[in-house]
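To start, the structure under review is shown below, and the notes come after it.
Chains as they are written, first to last, in this note's numbering: chain R, 21 to 407; chain V, 5 to 432; chain F, 731 to 1371.
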């Protein structure tokens, strides 16, 4: 079975090899174990990019393979980030609080410890009591479970409601967008108990490894992201090959016909929607400790739309296309907005890329949709077929 | 218009960079990081501060730089993206190896940067009024803490305007939330019943104000004088003031004091209907002193004749000059040396009097209250003496017991009851 | 009263001779107070000025209040008007005019509180002033800060009032003031009873101030005008706290106090017989503390039984500040009636706000409904067309300073600009994507990003002013509770006009007939000689053009920024989807439902507008589950995806 799977999908091997090589090069050039040619801040950027590639694959499966244009997968990404962020904040604050109590004659009660932690975490945003959703924040394992469970359950319930009432096409896209908007508006409220607009911060400090330098933390997370991407790639490549792959591609091309053939279209769609949501959650949980802060702005509907843009530019319906799109566009984007691109002087006007990059992105996106529906990944077909 | 302005500032940045290289006899050039968003939602406010920094550095270089070296400005763009602030701060400190950073506007961007600055022992000057409840070893807060803006404004409402009933309107984020919590407690301590305090939070960019304005007007139904304390942020103010004007609410009926509306914000509004409403800051462009006239003139020459000056610009002006003086006093730009030299640094305010850097990393500054004029400026009608900034407010039970003193106690979060330092890093 | 007579005396003709320096002398006595007046201390100065009886005083007070008084370098006070670097000064007594350099002169700026106090002092001079503007300002000053002493002069001035509007105002004010200050209870009750119909904020203010109460606690109910007796069982701890404040009970020992007491009494690693290491639970700490209390080292704990006993031994009550129970009873009755009316009016006001919000949503969404409904095309750049319209309005105002004219030009121009943009977009992009609806969504999204950034590059990120003409300022005031700004009424009318216009186009014109034909069956329509390509183009242009007009309207009441479109796009889609695609009535129903729902949720939770938006979106998501095709479902091309 495995043999045939690899044989049928040579691209998987190529991808794993490329990813492995990339990881090795970054490791050798990193500050912690290698020559230090790549600064820690760039290792973090690369690690984050790998997480974005992972969610892009998930997006590709749900859209490029199954035909559901979800504008809500970044919400699941954010939920994953919030889930791990809660533990990171809680545990870090707990160790600070315990240390400050350590010097006192009378040992603190459980209530005093929890009050002090609450005050530290929420004092910043003007309250001090633990909201109910923080009930499991003290337990790493439960919180890790949340990374998978919460996006999975949300996707399951939402998907069940939506697919059951046969909401499809653009309606579904708008509905997923509304879901994202509702979630980000909810999180923007201070009353939501997740620190409102401030979000969760200081996530790069890993409790238990306070003494580890950020150069080490960043590299470890880079490895973890690379591993997750590899695992995700293999899993989805397996999922979209074989019989199930054929069914979901059939749903994309003609839903009614697949239904007439006796397949339970809704169940397939729900499965794909939920599984990709879970993977998005995992990607988010790896991303935000590298970013250091998560706040509701991250989940705004625009982020999910960018995700679709990456996948479309990279090339839909092929997993490596999604990876290329996410890596290429997000890195290019930070190069342009970071002032990396030289300004073009037209004599009467100077084009500053920080101002004009979004115009370029928007228009190139229109061009890709109109003229290159296969995206960058389409170039590979061209290369492969030519000889 | 905006484009040509931006263009000139970029050119200046380039000129500065090249003169910086020319000062080759300085083995280790002095680098100043500027961490303000030049794109995205915050660009409008922060670009002004970036230009202010470039102007101040240019002026300082013309006067011989610092420690005999030219100052080189390293400008990066965190693009109003909070995680990017942390990334860019790390880049400034590790790749560009800057000696000091001037930057940030929003609280969330500051919280994003804090862990990086503290880990790498950098130095940040933060120029905007904020909610307090923080004192980092590596940050100097040159904007107002709540007791330097909100509390005096409320005192003014209570004492001078005789306001008996308060509407606290704010945008839903940390600054209004914390400030309003402090004010609620403060008002209750001053004998205002909790029933006489109406609190409302609206989202960023809110535009549908009719119902809220009606609610505020209805507060006057028990014959008490109503006043509005506004921590409404940014664009939302436009709709709010338009609705106030439409409802015929004059400053004599229901005065509004705003903490986030300055000269810049008023330029997007027709102020003829808002005359007499108030704002509280540490600086107004209309302050009549020689230093201010000079500063405004330099600014208009640098950035354009139609530009206005505002409070955070003065904060950068004071902060930068204090840093130059501290580095000169310390004889080095080493962070720890400069930090100890900062305590007790004095520099004249643009509004008169002298700002002093306190051991809690906040400034002692005067508080001004201005009435909006028809020209979009402020008539200064009240000015206090220097008010020392308080990192931990005295009006919330949890922070009443905390104090910050980096000079004597070496701690930014010291519990005076248990006599222990709660933590050396800050709470982010 | 004495003061008033004095004043009327000299207003009525017996003007004393003006002497140089008289007023200046008084001002100099209080120089510091004049230069830096404060609401609390300015009274003494005003009393002195008024009792001096000088005729210059009212003029001085008015000028002082208008920030026209300056202090010269040698401390003299003058009236002055700045003119560049010079100052045109006028003597406060003699009125002699001179021009001096501005240096050294300080403008005196009394703050709002002082100005109000000055206004009160001016009342007596102004009530019978020949200038109606001054009489008006006197009435405003009284109604802001009514004082018992003003009632008599006010009553006296009613008879001589010639202006009917002012006379009505004076009469009303007399009622308000008699309710509070009349000499006999009978007069007061009569005035109070006449207020039972009045829902104005002032009337309610009068009633509420008569009914103001003070909380009290005593061992027995005192003999006073008691408003009500409070049962402390609802919040026993808070009421016990009150007893402590009054010194009627010993304070509660808090957990923190227990902790510090224990800390102070540690000896030999234990306290009260309990080892310190075991003091990490509340129970253990209480036990140790009780031991200390038993040893007499600390005050005893207040148990629940102690607390309840203390509460039972006292009575908590609210007592009216007004002594006469008949007056308070009448006021309470009147207030109950008024409150009932006010709550009805509040509901009506909320309804008006909801209607206004619905009309805004309708305007923003109707263009989208046309393109989406007729062509099945999702236009994510719709919000940016709204923005384009708003910026068109802004640019027009740059060139046409007259606000009325500029709006009249801006509305059709905005339509033309966005119509052109819509047609261009349809020709260049959307035409090629008719069979790929998901890709239209993405392509138009790309356009939306580009347009938004383009607007930022051109106009900057700062909000731009779009000022409504003067005749749209202000509000239509039905009562103090029900009011709505004219600009919102104008938007409502605009929305109605567009509803009528679109219905007319669709139902009564050749174009409309063709549009409906293409909507229902494009193939059949084409074979009947209709050119669907042309229809699509025109429909798209029409939808975009309406968005442009909506942009002008939205910019007038809120703000013009590059991101304003993004604020409305999701709401607009919701409106269209909830209402049902491809039907004007559906969009109307959707907009009404969303507008009323949002206001309803806001009313339930007035302190958090953000929550209202969240819950509304959740509701819409659920609603679509049950009516996936919206309120008004349609058959045809749009219905078949």
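Where a beta carbon is used, it is the ideal one built from N, C-alpha and C, also for glycine.
Exercise. To the nearest angstrom, how far is it from the Cα of residue 140/V to the Cα of residue 130/R?
Worked result: Indexing the second chain from 1 puts residue 140/V at position 136. Indexing the first chain from 1 puts residue 130/R at position 110. Straight-line measurement puts the Cα of residue 130/R at about 28 Å from the Cα of residue 140/V.
For this session: Starting from residue 73/V, follow its DSSP beta bridges and name the residues at the other end.
Result: The residue labelled residue 73/V in the question sits at position 69 within the second chain. Answer by DSSP bridge pairing, in chain order: 70/V.
Exercise. When the cut-off is 9 Å and only beta carbons count, does residue 141/R lie next to chain A?
Worked result: The question asks about chain A, but that chain is absent: this structure's protein chains are R, V and F.
Exercise. Does any CB atom of chain V fall closer than 9 Å to the CB of residue 1009/F?
Worked result: As a position in the third chain, residue 1009/F is number 279, starting the count at 1. Using a Cβ-Cβ cut-off of 9 Å, residue 1009/F does not count as an interface residue toward chain V, since no Cβ of chain V sits closer than that to its own.
Problem set entry | Secondary structure of residue 509/V, DSSP reduced to three states | As shown, chain V starts at 5 and ends at 432. That puts residue 509/V outside it, with no answer to give.
Exercise. Beta-carbon of residue 159/R versus every beta-carbon of chain V: anything under 9 Å?
Worked result: By 1-based counting over the first chain, the position of residue 159/R is 139. Using a Cβ-Cβ cut-off of 9 Å, residue 159/R does not count as an interface residue toward chain V, since no Cβ of chain V sits closer than that to its own.
Exercise. Should residue 28/V be flagged as near chain R, meaning a C-beta pair shorter than 9 Å?
Worked result: Position 24 of the second chain, counting from 1, holds the residue named residue 28/V. Below a pLDDT of 50, predicted positions are generally treated as unreliable, and residue 28/V, at 45, falls in that range; the measurement from the model is reported next regardless. No - not a single Cβ of chain R is within 9 Å of the one on residue 28/V.
For this session: Pick helix, strand or coil for residue 410/V, following the three-state DSSP scheme.
Result: Taking the first residue of the second chain as position 1, residue 410/V is located at position 406. Assignment of residue 410/V by DSSP, reduced to helix, strand and coil, places it in the coil class.
Exercise. Comparing the C-beta of residue 69/R with each C-beta of chain V, is any distance below 9 Å?
Worked result: For the purposes of this step, residue 69/R is taken as the residue at position 49 of the first chain. At a cut-off of 9 Å between C-beta atoms, residue 69/R does not count as an interface residue with respect to chain V.
For this session: Could you tell me which of 313/R, 239/R and 337/R sits nearest to residue 86/R, measuring between CA atoms?
Result: Looking up residue 86/R in the first chain gives position 66. Measuring from the Cα of residue 86/R, the nearest candidate turns out to be 337/R.
Exercise. Thinking C-beta only, is residue 109/V closer than 9 Å to residue 50/V?
Worked result: As a working mapping, residue 50/V is identified with position 46 in the second chain. As a working mapping, residue 109/V is identified with position 105 in the second chain. Taking a C-beta distance under 9 Å as the contact criterion, residue 50/V and residue 109/V qualify as a contact pair.
Exercise. Counting contacts by CB-CB distance shorter than 9 Å, is residue 1074/F in contact with chain V?
Worked result: Start at 1 with the first residue of the third chain, and residue 1074/F comes out as number 344. No, residue 1074/F does not count as interfacial toward chain V.
For this session: Answer with buried or exposed for residue 25/V, where buried requires no fewer than 16 other C-beta atoms within 10 angstroms of its C-beta.
Result: Within the second chain, residue 25/V is the residue found at index 21, counting from 1. Caution applies to residue 25/V, whose pLDDT of 42 falls short of 50 and renders its modelled position unreliable; the model cannot decide the point.
Exercise. Comparing alpha-carbon positions, which option in 994/F, 1013/F and 1101/F lies nearest residue 1027/F?
Worked result: Mapped onto the third chain, residue 1027/F falls at position 297. With distances taken between Cα atoms, residue 1027/F lies closest to 994/F.
Problem set entry | Best match in 311/V, 320/V and 250/V for proximity to residue 278/V [C-alpha to C-alpha] | Counting from 1 along the second chain, the entry for residue 278/V is found at position 274. When only C-alpha atoms are compared, the closest one is 250/V.
Problem set entry | Interface positions of the region 110-128 of chain V facing chain R (Cβ-Cβ less than 8 Å), listed along the chain | Contact residues of the region 110-128 of chain V toward chain R are 111, 112, 115, 116, 118, 119, 120 and 123 (C-beta to C-beta distance below 8 Å).
Exercise. Are the C-beta of residue 208/R and some C-beta of chain V separated by less than 9 Å?
Worked result: Locating residue 208/R in the first chain gives position 188, where the first residue counts as 1. Yes, its Cβ sits closer than 9 Å to a Cβ of chain V.
Problem set entry | chain F contact for residue 398/R (CB, 9 Å cutoff) | Translated into positions along the first chain, residue 398/R becomes position 378. The beta carbon of residue 398/R does not come within 9 Å of any beta carbon belonging to chain F, so the residue lies off that interface.
Problem set entry | alpha helix (DSSP H) runs wholly inside the region 973-997 of chain F, at least 4 long, in chain order | Complete alpha helix (DSSP H) runs here, min 4: 985-994.
Exercise. Whose C-beta lies closer than 8 Å to the C-beta of residue 14/V among residues of the same chain, with five residues either side of it excluded?
Worked result: Residue numbering aside, residue 14/V sits at position 10 when the second chain is read from its first letter. Since pLDDT at residue 14/V reaches only 44, below the 50 mark, its modelled position is unreliable, and the value read off the structure follows with that caveat. Contacts found: none.
For this session: Thinking residue 851/F and residue 805/F are a contact (beta carbons under 8 Å), I'd like their distance in whole angstroms, please.
Result: Position 121 of the third chain, counted from the start, is the residue given in the question as residue 851/F. Position 75 of the third chain, counted from the start, is the residue given in the question as residue 805/F. So it is not a contact: roughly 23 Å between Cβ atoms.
For this session: Output the distance between the C-alpha atoms of residue 794/F and residue 260/V, rounded to the nearest integer angstrom.
Result: Sequence index remark: in the third chain, residue 794/F carries index 64 (1-based). Sequence index remark: in the second chain, residue 260/V carries index 256 (1-based). Near 23 Å, if we compare the C-alpha coordinates of residue 260/V and residue 794/F.
For this session: Return the chain-ordered ranges of every alpha helix (DSSP H) run that is complete within the region 305-391 of chain R and spans a minimum of 4 residues.
Result: The qualifying runs are 321-334, 339-357 and 373-391.
For this session: Check whether the Cβ atoms of residue 1302/F and residue 1098/F sit closer than 9 Å, and answer yes or no.
Result: As a first step, residue 1302/F is located in the third chain; it is residue number 572 there, counting from the start. As a first step, residue 1098/F is located in the third chain; it is residue number 368 there, counting from the start. Yes.
Problem set entry | Coarse secondary structure for residue 307/V, derived from DSSP in three states | By one-based count along the second chain, residue 307/V stands at place 303. In the structure shown, the three-state DSSP call for residue 307/V is helix.
For this session: Could you check what DSSP says for residue 432/V in three-state terms: helix, strand or coil?
Result: Residue mapping note: residue 432/V aligns to position 428 of the second chain, counting from 1. Residue 432/V: coil per DSSP, three-state reduction.
Exercise. If you follow the alpha helix (DSSP H) that residue 1264/F is part of, which residue opens it and which one closes it?
Worked result: As a position in the third chain, residue 1264/F is number 534, starting the count at 1. That run of the alpha helix (DSSP H) goes 1262-1287.
For this session: Flag this pair as yes or no: are the beta carbons of residue 250/R and residue 306/R separated by less than 9 Å?
Result: Reading the first chain from its first residue, position 230 is the one you call residue 250/R. Reading the first chain from its first residue, position 286 is the one you call residue 306/R. No, the Cβ-Cβ distance between residue 250/R and residue 306/R is not below 9 Å.
Exercise. Ordered along the chain, which non-local residues of its own chain (more than five positions away) have a Cβ less than 8 Å from that of residue 28/V?
Worked result: Position 24 of the second chain holds residue 28/V. A caution first: residue 28/V carries a pLDDT of 45, below 50, which makes its placement in the model unreliable, though a value can still be read off. Answer for residue 28/V: no residue qualifies.
Exercise. Residue 97/R and residue 301/R look like a contact to me (Cβ under 8 Å); what is the Cβ gap, rounded to whole Å?
Worked result: By 1-based counting over the first chain, the position of residue 97/R is 77. By 1-based counting over the first chain, the position of residue 301/R is 281. Right, their Cβ atoms sit about 7 Å apart.
Exercise. Span of the alpha helix (DSSP H) holding residue 1078/F?
Worked result: Within the third chain, numbered from 1, the residue matching residue 1078/F stands at position 348. In the DSSP assignment, residue 1078/F falls within the unbroken alpha helix (DSSP H) covering 1055-1105.
Problem set entry | residue 873/F beta carbon near the ligand GTP (any heavy atom closer than 8 Å) | Judged by which ligands are present, the structure shown has none, so any question about the ligand GTP falls away.
Exercise. Hey, does residue 1293/F have any beta-carbon neighbour from chain V nearer than 9 Å?
Worked result: By one-based count along the third chain, residue 1293/F stands at place 563. Under the Cβ criterion of 9 Å, residue 1293/F is counted among the residues facing chain V.
For this session: State the CB to CB distance for the pair residue 1062/F and residue 941/F, rounded to an integer number of angstroms; the pair is presumed to be in contact (CB under 8 Å).
Result: Stepping through the third chain from its first residue, residue 1062/F is reached at position 332. Stepping through the third chain from its first residue, residue 941/F is reached at position 211. Confirmed, Cβ separation roughly 6 Å.
For this session: With 9 Å as the C-beta to C-beta threshold (strictly closer), list the residues of the region 1319-1333 of chain F near chain V in chain order.
Result: Listed in sequence order: 1328, 1329, 1332 and 1333.
Exercise. Cβ of residue 166/V less than 9 Å from any chain F Cβ?
Worked result: For this step, residue 166/V is matched to residue 162 along the second chain. For residue 166/V, at least one C-beta of chain F is nearer than 9 Å to its own C-beta.
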